[in-house]
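2 protein chains.
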Amino acid sequence: MPITLEQLAQVAGVSVSTASRALGKSNHAVNAETRKRILTLAEQLGYRPNLMARGLKTERTYTIGLILDSILSPFSPHIIHGIQDHLKEFNYFSIVINTDSNPEVESHAVYDLISRSIDGIIFVESWMPDAHPILDVENKPYVFVHRLFGRIPHNSVCVDEQHGARLVVEHLIALEHHRIAFINGLPGWYASEQRLLGYRETLAAHEIPFDSEIVLEGDWGVQDGYRAAEQFLQLSERPTAIFAANDLMALGAMYAIQDAGLGVPDDIAVVGYDDRDIASFARPTLTTVRMPCYEMGQAAAKLVLNMLDTSRASGGASADDFLQTQEPIKIPGELIVRESSDRTKRHWVQPRSHNMLMHLMNRRRP
Amino acid sequence: MPITLEQLAQVAGVSVSTASRALGKSNHAVNAETRKRILTLAEQLGYRPNLMARGLKTERTYTIGLILDSILSPFSPHIIHGIQDHLKEFNYFSIVINTDSNPEVESHAVYDLISRSIDGIIFVESWMPDAHPILDVENKPYVFVHRLFGRIPHNSVCVDEQHGARLVVEHLIALEHHRIAFINGLPGWYASEQRLLGYRETLAAHEIPFDSEIVLEGDWGVQDGYRAAEQFLQLSERPTAIFAANDLMALGAMYAIQDAGLGVPDDIAVVGYDDRDIASFARPTLTTVRMPCYEMGQAAAKLVLNMLDTSRASGGASADDFLQTQEPIKIPGELIVRESSDRTKRHWVQPRSHNMLMHLMNRRRP
DNA sequence: AGCGATTTTGAAAACGTTTGCAGGCGATTA
DNA sequence: TAATCGCCTGCAAACGTTTTCAAAATCGCT
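Residue numbers (my numbering), protein chains in the order written: chain A, 302 to 667; chain B, 302 to 667.
Right under this line is the structure:
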């Protein structure tokens, strides 16, 4: 057991109250000498404050709950990474709960987190409805990050998908492509809608007419990309470039093109979206838009801590202190140009930083 | 704020003690009728016990600390998944800390977790030395899971790598391959050593002589696999199959073979290890050994809870109650046969269950 | 010395639980 | 009928902090 504040105070020859004040960053006056003595003593004895006891008194646990739709999503580890890195700066920790897309589990999780009197909640890729009744009544701040589907609720952080699509189309146009096919995701998805918008908008800006013949929808899988590309190849006037709304469909498109005896990017350029691992491992390596997951995580953490601050500043009295209905924060992605669009690029397969092997290679050997 | 036990007791017209006893699964006698009344009342009023207060009294927080070497490793999400699913059954939650391979952060994390009086710690893919002094003195159980490097410490869960390699070689031999090259990882890695052992052992069991000419080492990257395969192809008597110690090197090997104008698996079969996403997205899809990450996580969670139980049963007196120096628990992987070794297999790219897109496809649409 | 102002300390009351102890009450037993 | 025993309940003391309030010490002045 760690030693208690009382014991520490005892050996320091002071009362618990002074010991407490010496350790805390309280502005309460305490003799400089005494403080130093207590501090060094605490160090020596390895005193660790009991956060449960403290939390009990202060109603602050320095803990944020993370409710994940699925920890196995390719994005969530990056989002968590961003969240935690930001929280760490303010000495917050996070307890993470994975719901596996089960709404019952999700709602249960909220209660469990309240039971642990966490200070706030971040929903990651959640399906939870906009406002959560219990959280409102408990007056806890909560934030959504990377919601994939439906309406983007208040207090949430998402990707500027429209901007990402714009980057892609601008890139292709700069490479002299004028007939750019688009394999979109299914309708109803935030990403599909926004990316289509960006696609159309950019074409229009360059006075390229929108042609519904070269716009198809797929269910996000490799097969869908393959089939869509097959269709494009049969057109009398076939596209010179294909933009797929995610990397998997882009991969499928590349396979279809190669199976037809054509080359990527020489005959048809292909661009994906997401920058998943496969984008750097495919042949040719895939031009894509990197999802700003880390940055989204950071932004979400920042948002929830802000809400906490303002709520506390105002005395935390009113239930909707931090329910300022603000616009979603949109984080822009980044175009990663690789071989599938630009024949001058010659990467050897470049793992991303989060690729474990690369990352292990950088550290000391036994 | 959730209502407190005292308030609940008040409206129920009983004392806090009886209310507490009615709710807890304590074997202490309490009138059946009263208990029911309290229980329904608690339900109605949405009573949630304050776990901080409870923990303060009981020295039990129902929280396990997870210290990750890197949350971005391709394995850790699966390991966490397994851990949490097991913990959930016993109402345990976990607070996870990502160290990004920084030993200082790691050691700091231990102190922070102790401050939060967690019940135990699981080190995931950690580099932390075998025994952790602070944890021993604090008498908290801790467990290692999927340590990648060096000696496997006590109380740890790892992969039965030798068995995995055996599966691969047996599979290739069953397919009439007698000259099986091996691209191993770097020495010093637990995986490299064990997989080599499995490789040699299985060859020996089938009376195939070990030929060092067809065994190379790589640094786990795609390039390494590519170069190794190039070397094999130049041999006068070239191998008919290549076993690479991970999927990335296997992918590189396939690329080299294809660049040489040969076919996989028709000219040379290729097998990888890990079953990362790319294994199912590559063309041909890659035969590989699935890492039993989920199962390892479960085992680790089970182990740490067991240690907790035995420690409590024995009164938690002695510091090494649960430091029973036991052998590491080895979890076997599973061979996944795909196109790169077996020409009869015809998958369309089959995402694994943890592939987000597959997983999203299975749920309701808006 | 005395007095107010200021700095520094300590006692004690919380925070929301669990739990040992003691008492009340009805039923069983002698 | 009195003593005993079980079951049920409540009081109060913890658990380790923070924080209010008041008292004590120090200081600067006259």
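Note that the Cβ used here is the ideal one computed from N, Cα and C, for glycine as well.
Check, Outcome
"Give me the Cα-Cα distance between proline 404 of chain A and leucine 534 of chain A, rounded to the nearest whole angstrom.", "42 Å"
"Pull up the CB-CB distance for leucine 346 of chain B and valine 469 of chain B, whole angstroms please, since I reckon it's below 8 Å.", "Rounded, the Cβ-Cβ distance is 59 Å, inconsistent with contact."
"Below 8 Å, can you find three or more Cβ-Cβ pairs linking the stretch 438–454 of chain A to the stretch 419–427 of chain A?", "yes"
"Within 8 Å (strictly less), CB to CB, does serine 418 of chain B reach chain A?", "yes"
"Provide the residue span of the alpha helix (DSSP H) that contains alanine 542 of chain B, from first to last.", "It is not in any alpha helix (DSSP H) - alanine 542 of chain B instead sits in the beta strand (DSSP E) that spans 542–545."
"Comparing the C-beta of proline 540 of chain B with each C-beta of chain A, is any distance below 8 Å?", "no"
"What do you get for glutamine 495 of chain A, buried or exposed, if any count of 16 or more other CB atoms within 10 angstroms of its CB means buried?", "buried"
"Any contact between the stretch 478–487 of chain B and the stretch 576–591 of chain B? By contact I mean 3 or more CB pairs, one from each, below 8 Å.", "no"
"Tell me where the alpha helix (DSSP H) around glutamate 462 of chain B begins and ends.", "462–475"
"To the nearest angstrom, how far is it from the Cα of tyrosine 363 of chain A to the Cα of leucine 606 of chain A?", "10 Å"
"Is the CB of glutamate 635 of chain A under 8 Å away from at least one CB in chain B?", "no"
"Would you mind giving the Cβ-Cβ distance between arginine 355 of chain B and proline 303 of chain B, rounded to the nearest angstrom? I have them listed as a contact below 8 Å.", "Not quite, the Cβ-Cβ distance comes to about 13 Å (not below 8 Å), so this is no contact."
"At a CB distance below 8 Å, what residues from the stretch 393–410 of chain A approach chain B? Give them in sequence order.", "Phe394, Ser395, Ile396, Val397, Ile398, Asn399 and Ser402"
"Rounded to whole angstroms, what is the Cα-Cα separation between threonine 611 of chain A and arginine 644 of chain A?", "52 Å"
"Grab me the residues of proline 488 of chain A's own chain with a C-beta within less than 8 Å of its C-beta, minus the 5 sequence neighbours each way, in chain order.", "Glu494 and Glu518"
"For the structure I just gave you, are there three or more beta carbon pairs, one from the stretch 543–552 of chain A and one from the stretch 514–529 of chain A, closer than 8 Å?", "yes"
"Assuming contact is defined by CB atoms lying nearer than 8 Å, are methionine 608 of chain B and histidine 447 of chain B in contact in what I supplied?", "no"
"In whole angstroms, give me the CA-to-CA distance for asparagine 547 of chain B and glutamate 344 of chain B.", "52 Å"
"Provide the residue span of the beta strand (DSSP E) that contains leucine 552 of chain B, from first to last.", "Taken as a continuous stretch (DSSP letters only), leucine 552 of chain B belongs to no beta strand (DSSP E), being part of the alpha helix (DSSP H) at 548–560."
"Hey, how far is the Cα of phenylalanine 394 of chain B from the Cα of histidine 387 of chain A?", "22 Å"
"Please tell me whether tyrosine 491 of chain B has its Cβ less than 8 Å away from any Cβ of chain A.", "no"
"Could you check what DSSP says for asparagine 440 of chain A in three-state terms: helix, strand or coil?", "coil"
"DSSP state of aspartate 622 of chain A, grouped into three classes?", "Unreliable positioning characterises aspartate 622 of chain A in this predicted model, as indicated by a pLDDT of 44, which lies under 50. The coordinate reading is nonetheless provided below. DSSP places aspartate 622 of chain A in coil when its eight states are reduced to three."
"Please go through the same chain and pick out, in chain order, the residues whose beta-carbon is closer than 7 Å to the beta-carbon of arginine 338 of chain B, but skip the five residues on each side of it.", "Ala313"
"Which bits of chain A does aspartate 568 of chain B rub up against, with CB to CB less than 9 Å?", "Those within 9 Å of aspartate 568 of chain B in chain A number zero; the least Cβ separation is about 18 Å."
"Which one of A:Asp370, A:Leu309, A:Lys358 and A:Glu360 has the shortest CA to CA distance from threonine 341 of chain A?", "A:Leu309"
"Are serine 642 of chain A and valine 590 of chain A closer than 8 Å when you measure CB to CB?", "no"
"Starting from glutamine 385 of chain B, find everything on chain A with Cβ-Cβ shorter than 7 Å and list it in chain order.", "Asn399"
"At what residues does the beta strand (DSSP E) containing threonine 588 of chain A begin and finish?", "First-last for threonine 588 of chain A: undefined, no H or E at that position."
"For aspartate 520 of chain A, which option in A:Ala492, A:Ser408 and A:Cys594 has the closest C-alpha, if you only look at C-alpha atoms?", "A:Ala492"
"Consider the Cβ of alanine 330 of chain B: report whether some Cβ of chain A lies at a distance smaller than 8 Å.", "no"
"So who's on the other strand from isoleucine 630 of chain A, going by DSSP bridges?", "A:Val458"
"For threonine 362 of chain B, which residues in chain A fall below 8 Å Cβ to Cβ?", "Met353"
"What are the residues that DSSP puts in a beta bridge with valine 397 of chain A?", "A:Leu367"
"If contacts are defined as beta-carbon pairs under 8 Å, then alanine 600 of chain B and isoleucine 630 of chain B qualify, I think. What distance do you get, rounded to the angstrom?", "5 Å"
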